[in-house]
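Worksheet: one structure, shown below.
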Amino acid sequence: MCPFRYFRVIPAGEFVNDFSSDRRHMKRPDGTWIKPPPNYPAITNSSADHNLEDYIQMDHNKGPGEVLNLTQFVQRFYKPAT
């Protein structure tokens with residue numbers, strides 16, 4: 001059985017302004033790091049400390065932008081070589 005492939009497509013400006021991750025997904029339950037974090041600050045914005053789940057869940061009715069399956073993604077973005 002092959003898993004379905006989905007892509008969350010978000011306008012770049014919306015992503016840059018809204019995405020936020022405090023790196024909690026990089027920690028174990030006891031708070032220690034799974035791997036050392038990057039040496040640059042976490043990506044945050046004024047409205048949220050962490051909204052990574054909004055971007056990685058693939059519910060068509062939730063989250064920013066739109067969710068496309070592989071066929072829809074290719075139809076939208078594939079440009080044949082000329």
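FYI, in the UniProt record's numbering the residues of the sequence shown are 1 to 82.
Every residue gets a Cβ at the ideal spot worked out from N, C-alpha and C, and that includes glycine.
Note down the Cα distance separating GLY13 from ARG23, rounded to an integer number of angstroms.
Here residue 13 is taken as the residue at index 13 of the sequence shown, counted from 1. Here residue 23 is taken as the residue at index 23 of the sequence shown, counted from 1. GLY13 and ARG23 have their C-alpha atoms some 22 angstroms from each other.
Could you say which of PHE15, ASP30, LYS79 lies nearest to ALA48 if we only look at CA atoms?
The sequence position of residue 48 within the sequence shown is 48, counting from 1. Looking from the CA of ALA48, the closest CA among PHE15, ASP30, LYS79 belongs to PHE15.
Going by DSSP in three states, ARG23 sits in which element: helix, strand or coil?
As a first step, residue 23 is located in the sequence shown; it is residue number 23 there, counting from the start. Coil, per DSSP.
Please list the segments of the alpha helix (DSSP H) lying wholly inside the stretch 40-66, counting only runs of 4 or more residues, in order along the chain.
The qualifying runs are 52-56.
Which same chain residues, not among the five before or five after GLY65, have their C-beta less than 6 angstroms away from its C-beta?
As a first step, residue 65 is located in the sequence shown; it is residue number 65 there, counting from the start. Within the same chain, GLY65 has close Cβ partners ARG8, VAL9, ILE10.
Residues bridged to VAL9 (per DSSP):
As a first step, residue 9 is located in the sequence shown; it is residue number 9 there, counting from the start. Beta-bridge pairing links VAL9 to GLU66.
Are the CB atoms of SER21 and HIS60 nearer to each other than 7 angstroms?
As a first step, residue 21 is located in the sequence shown; it is residue number 21 there, counting from the start. As a first step, residue 60 is located in the sequence shown; it is residue number 60 there, counting from the start. Going by C-beta atoms, SER21 is not nearer than 7 angstroms to HIS60.
Please classify LEU70 as buried or exposed, where buried requires at least 16 neighbouring CB atoms within 10 angstroms.
Taking the first residue of the sequence shown as position 1, residue 70 is located at position 70. With fewer than 16 other Cβ atoms within 10 Å, it is exposed.
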